[in-house]
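Protein chains in written order, with this note's numbering: chain A, 41 to 632; chain B, 76 to 156.
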C-alpha cells in the first residue's frame, strides 16, 4: 500500500462503483478516499512510484512535506463529500467526481511535469462531467464553456512544459519562476485553474450550475491543486502578490451583488484563493506555511458552506437569495453548520480561518507591504460581510420565504458535522495542523492584539451590515446576473462571430464568384476554340498596337472565327496547340 | 445565534440580540486599550484603528457595489439566445 499512488484507489473505485448499486456502491465510493488517506499517511518521503516511459522514468508519485498536506486534505474532503452525496444515485456524477479527486491527488504527487499534465487534463475532463451531471440546460452550456477554458489553460501549460523540456532537458516538478516564454506559459496555465483574474469567471459560471452534491467536489480540487502547483513552481514571485491582492478584493464587490448563494460562495472562494496567492508570492517560510495552512482550512470550511447550501438545495430545490430565507426553524442543524463555516471563512478567533489567514496577513506586515496589507484587511472585512453574514442571513434568516423543508438527511448532517468539528478543532488547537506544514512554525496566532484587532474588524463590519440593512441602503436582492469577464467570451464570441460574418462572408462570396463561375466560364469560352482564341489574341493585339480601326478589328475577328468554324486550316487548331506544347516540353526537358 | 424554534421571530428577541451585539462592540473598543500591540505600521497602534477600518471598509464596499450594479446588472436571460 505504501508504494501505490493514492490516485489509484480513486480511479479504481470510480470504475468499480459503476457496476454496483445501493449500499455496496456507497461503500466502494467511500472506501477509496479512506484508503487514499491511509496511503498518503504511510508513504515515505521521496520518489514512491516510477514508471519507465520511452527513454525516461516518469515519477508518478513523489512525496515531501509540501504535497503531503495537500494529499491529506484532498482525501479528507473526498470522504466528506462522498458521504454528503449518498442520496445522489447518479453513477455518472459519483464516478466522475472520484476520477476528478483522483486527478487532483495525481497532480499533487506528480514528480514530473508529464505526469502532472496528464492528471491535470484528467481533472479538467472529469470535473466537466461533474458539472454536466446536474443535467439542466444551464449546466450543459456552463460545462461547455468550462471545458473550453480549461482545455485552453491545459494547452498553455503543455506548451510551457514542452518549451521548458527543450531548454533544460528536465521535466522535474520544481521551482520554475517567471523566466522566458516557458515560465510565463506555465504560469498562465496554472493561473487559469487558480482562477486568477481576469481568468476567474469560469468558476462563478460553472460551480453554481452543478448539482447540490457536485458543487461540493468542485469547490475543493481545481483551485487548490493549482495553489499547490503554484507554491511548488512559483514561490516568491512578486507578480503573485499583486495578482493575489486584486483577487482578494475584486470578487467581494460581486459577492455583495450576487443573488445565487452558490454564486456568492464562488466569489468568496476566489477571494480566499487570493490570500493564498499573496502568501505564495511573498514566499517567506511564514507566508508559504500560511498559504498551505489556509488552503487546508479553506477546503474544509468552503466544503462545509457548499454542503449547507447543497442541503438546502436538496430539500427545497432553490439557491437564490430572493427565494430563500427564514429556514433556521426548519433546518436548524444545517443552519448551525453554515454559521460555523461562515465564522471560519471570516476568520473569527477559535475558528479555522483565523489561525491560517492571520499567518498570511502577518507575513505581509513583516515584509512591510503596506498596500497589500491594507487590501488584505479590507478583504477580511469584506469576506465576513458577504460570506460570513450574507450567506447564512439570506438562507436561514432575513425575510421568511415560507418554506418549511425537512432537516437534512443523517449522512449530510454527519458530513457537515465532521467538517464543522474540524473547523472548530483547527481553530482551537492549531498545533496539529502547524506540525504538518512544510516549514517549522514559530507563529503564535492567539495574542491579545491579534484577537482584539480581528474581532474589531469583524464586529464593526457587522455593525456596518446592520446599519445599512436597517436603513435600507443595502442593495436589495434582485433576480439578476452581473457582468463579469466571461462577457468577453459569451457576448464577445457572438461579436467575433458577427465580425467574421461581415468580413469573411463577402470574401467568400467574391472567391466563389471568381472561382465558381467566373474562371470556369472564361476557361470554357477560351477552350471551345483554343487555337482561334490564341490567334485572335495575338493578331488583334498586334493590330490594335498598330492603330487599326474598330471595323478593321471586327472584320479580322470574324474572319478568324469563320476559318476555324469551317476548318479552313490544313491542321486542326487543337493539334497545332498540342504540337506546340510538346515542343515546348521537349525544349524545357532536353535542352535545359 | 440561537437555534430554538422561531427565537428571532418572537417579539423583543431581535432587539435583545442587537443590544448584546452593540454591548460587545463597546467592550471591544475598551479591550483595545488593554492589549499589548506589536504594530508593523505606525498607524496600526492608533486606538481602535481596526474598528474604524472594518466599519469604513464595509460601508465603502456596499456603496461601491451599489454603484457598480448600475453598470453590471442585467436580466437573468441576458445571455440566453
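By construction, the Cβ of each residue, glycine as well, lies at the ideal position given by its N, Cα and C atoms.
Please read these numbers as outputs of a predicted model, since none were measured by experiment.
Tell me the DSSP bridge mates of residue i?
i             : result
residue 99/A  : 90/A
residue 521/A : 149/B
residue 360/A : 300/A
residue 152/A : 212/A
Is residue i close to chain B? Criterion is C-beta to C-beta, closer than 9 Å.
i             : result
residue 79/A  : no
residue 237/A : no
residue 355/A : no
residue 405/A : yes
residue 515/A : yes
residue 413/A : yes
residue 488/A : yes
residue 358/A : no
residue 643/A : Shown here, chain A extends from 41 to 632; a query on residue 643/A therefore has no answer.
residue 293/A : yes
residue 1/A   : Nothing in the structure corresponds to residue 1/A, since chain A is present only between 41 and 632.
residue 439/A : no
residue 311/A : no
Would you call the CB atoms of residue i and residue j closer than 9 Å?
i             : j             : result
residue 100/B : residue 509/A : no
residue 102/A : residue 149/A : yes
residue 109/A : residue 394/A : no
residue 118/A : residue 89/A  : no
residue 448/A : residue 355/A : yes
residue 233/A : residue 282/A : no
residue 423/A : residue 285/A : no
residue 563/A : residue 616/A : no
residue 116/A : residue 340/A : yes
residue 636/A : residue 344/A : In the structure as shown, chain A begins at 41 and stops at 632. Residue 636/A is therefore absent and cannot be evaluated.
residue 264/A : residue 139/A : no
residue 506/A : residue 83/B  : no
residue 410/A : residue 116/B : yes
residue 503/A : residue 438/A : no
residue 346/A : residue 334/A : no
residue 348/A : residue 386/A : no
residue 143/A : residue 163/A : yes
residue 103/B : residue 492/A : yes
residue 398/A : residue 490/A : yes
Could you check the C-alpha separation between residue i and residue j for me, to the nearest Å?
i             : j             : result
residue 642/A : residue 230/A : Outside the modelled stretch of chain A, which goes from 41 to 632, sits residue 642/A, for which no answer is possible.
residue 136/B : residue 440/A : 26 Å
residue 301/A : residue 429/A : 12 Å
residue 600/A : residue 607/A : 10 Å
residue 256/A : residue 305/A : 11 Å
residue 108/B : residue 383/A : 25 Å
residue 417/A : residue 138/B : 18 Å
residue 78/B  : residue 432/A : Caution applies to residue 78/B, whose pLDDT of 44 falls short of 50 and renders its modelled position unreliable; the value that the coordinates give is listed next. Approximately 13 Å, taken between the alpha carbons.
residue 580/A : residue 561/A : 22 Å
residue 99/A  : residue 192/A : 25 Å
residue 122/B : residue 494/A : 14 Å
residue 86/B  : residue 369/A : 16 Å
residue 212/A : residue 266/A : 17 Å
residue 287/A : residue 486/A : 27 Å
residue 289/A : residue 415/A : 7 Å
residue 568/A : residue 614/A : 10 Å
residue 522/A : residue 557/A : 50 Å
residue 72/A  : residue 145/A : 12 Å
residue 140/B : residue 292/A : 9 Å
residue 185/A : residue 120/A : 28 Å
residue 95/A  : residue 195/A : 23 Å
residue 603/A : residue 629/A : 34 Å
residue 199/A : residue 156/A : 13 Å
residue 106/A : residue 87/A  : 14 Å
residue 70/A  : residue 93/B  : 44 Å
Using a C-beta cutoff of 9 Å, does residue i count as contacting chain A?
i             : result
residue 243/B : Residue 243/B lies beyond the stretch modelled for chain B, which goes from 76 to 156, so this question has no answer here.
residue 121/B : no
residue 90/B  : no
residue 140/B : yes
residue 94/B  : no
residue 150/B : yes
What do you reckon, is the C-beta of residue i under 8 Å from a heavy atom of the ligand ADP?
i             : result
residue 146/B : Here there are no bound small molecules, and the ligand ADP is not part of this structure.
**OP:** For the segment 526-533 of chain A and the segment 303-313 of chain A, state whether three or more C-beta atom pairs, one from each stretch, are separated by less than 8 Å.
**Re:** No, because fewer than three Cβ pairs between the segment 526-533 of chain A and the segment 303-313 of chain A fall closer than 8 Å, the two stretches do not touch.
**OP:** Taking 8 Å as the threshold, find out whether the segment 115-132 of chain A comes into contact with the segment 463-472 of chain A through three or more Cβ pairs.
**Re:** Result no; under three Cβ-Cβ pairs closer than 8 Å.
Original post:
Are the segment 55-67 of chain A and the segment 169-176 of chain A touching by the rule of at least three beta carbon pairs closer than 8 Å?
Top reply: The answer is no - the segment 169-176 of chain A does not touch the segment 55-67 of chain A, with fewer than three Cβ pairs under 8 Å.
**OP:** Could you tell me whether the segment 402-415 of chain A touches the segment 267-276 of chain A, using the rule of 3 or more Cβ pairs below 8 Å?
**Re:** The segment 402-415 of chain A, when compared against the segment 267-276 of chain A, does not touch it at the 8 Å Cβ threshold.
Original post:
Can at least three beta-carbon pairs, one atom from the segment 211-228 of chain A and one from the segment 192-203 of chain A, be found at a separation below 8 Å?
Top reply: Yes, they touch.
Original post:
Can you find at least 3 beta carbon pairs, one from the segment 109-117 of chain B and one from the segment 470-478 of chain A, that sit closer than 8 Å?
Top reply: Between the segment 109-117 of chain B and the segment 470-478 of chain A there are fewer than three C-beta pairs closer than 8 Å, too few to call the two in contact.
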